[in-house]
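Written out as structure tokens, the structure is:
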């Protein structure tokens with residue numbers, strides 16, 4: 003099977019994105035890293051040509067943090083293409099808005115736990 007995780011061609015980009023997390027990404031990362039959810043998450047992980055914000059290998063779960071740019075038509079189309087690709091590989095995707103995380107991190111974490119439990123019991 004062809005390798006799809008952490009392709010060497012985009013290693014520098016992944017590294018730069020990990021170094022330059024947005025405020026929302028940093029806030030979420032501080033609450034999900036080191037198995038605080040009970041699951042290991044990786045940040046700025048690549049799958050095929052795409053770099054996802056957070057990835058849990060055990061659950062095949064991707065968590066994306068969307069800023070304002072994701073509201074523009076061009077980005078919506080890119081996100082749709084990306085999502086279709088990832089879903090074809092059987093990844094589950096959860097999206098949160100930057101402002102949701104910044105203003106209500108506890109609510110976002112509750113929602114994330116609920117969705118993780120739903121994945122576990124509906125698989």
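Numbering (my numbering), first residue to last: 3 to 125. Glycine is no exception: its CB is placed at the ideal position from the N, C-alpha and C atoms.
Open item on the list: Strictly by DSSP, which residues pair up with residue 68?
Closed with: Answer is 99, bridged to residue 68.
Task: residue 94 - DSSP class collapsed to helix/strand/coil - done: Judged by DSSP in its simplified three-state form, residue 94 adopts strand.
TODO: Confirm, please, whether the CB-CB distance from residue 54 to residue 138 is below 8 angstroms.
DONE: Shown here, the chain extends from 3 to 125; a query on residue 138 therefore has no answer.
- [ ] Can you tell me which of 109, 103 and 118 puts its alpha carbon nearest to the alpha carbon of residue 57?
- [x] Taking residue 57 as reference, the option from 109, 103 and 118 with the minimal CA-CA separation is 118.
TODO: For residue 94, collect the residues of the same chain with a Cβ closer than 8 angstroms to its Cβ; drop the 5 residues on either side in sequence, then sort them by chain order.
DONE: Closer than 8 angstroms at Cβ, skipping near neighbours: 61, 62, 63, 64 and 121.
Open item on the list: Taking the beta carbon of residue 112 as the centre, do at least 16 other beta carbons fall within 10 Å, making it buried, or is it exposed?
Closed with: With a threshold of 16 other beta carbon atoms within 10 Å, residue 112 falls short and is exposed.
TODO: Report all residues from its chain with a CB closer than 6 angstroms to the CB of residue 77; omit the five preceding and five following residues, and keep chain order.
DONE: In its chain, beyond the 5 residues on either side, 71 have a beta carbon closer than 6 angstroms to the beta carbon of residue 77.
- [ ] Determine, using beta carbons only, whether residue 96 comes closer than 8 angstroms to chain C.
- [x] The chain inventory of the structure shown lacks chain C, comprising one protein chain alone.
TODO: Using the Cα positions of residue 123 and residue 17, report the straight-line distance between them to the nearest angstrom.
DONE: Rounded to the nearest angstrom, the two C-alpha atoms are 34 angstroms apart.
TODO: Decide if the segment 80 to 90 is in contact with the segment 25 to 45; the criterion is three or more beta carbon pairs, one per stretch, under 8 angstroms apart.
DONE: At 8 angstroms Cβ cutoff, the stretches do not touch.
TODO: Tell me whether residue 38 sits in a helix, a strand or coil according to DSSP, three-state version.
DONE: Here residue 38 sits in coil by DSSP.
TODO: Along the beta strand (DSSP E) that carries residue 54, what are the first and last residues, could you check?
DONE: Per DSSP, residue 54 belongs to the beta strand (DSSP E) from 52 to 58.
- [ ] Could you tell me if residue 25 is buried or exposed, where buried requires 16 or more neighbouring beta carbons within 10 angstroms of its beta carbon?
- [x] Residue 25 is exposed by the Cβ-count criterion.
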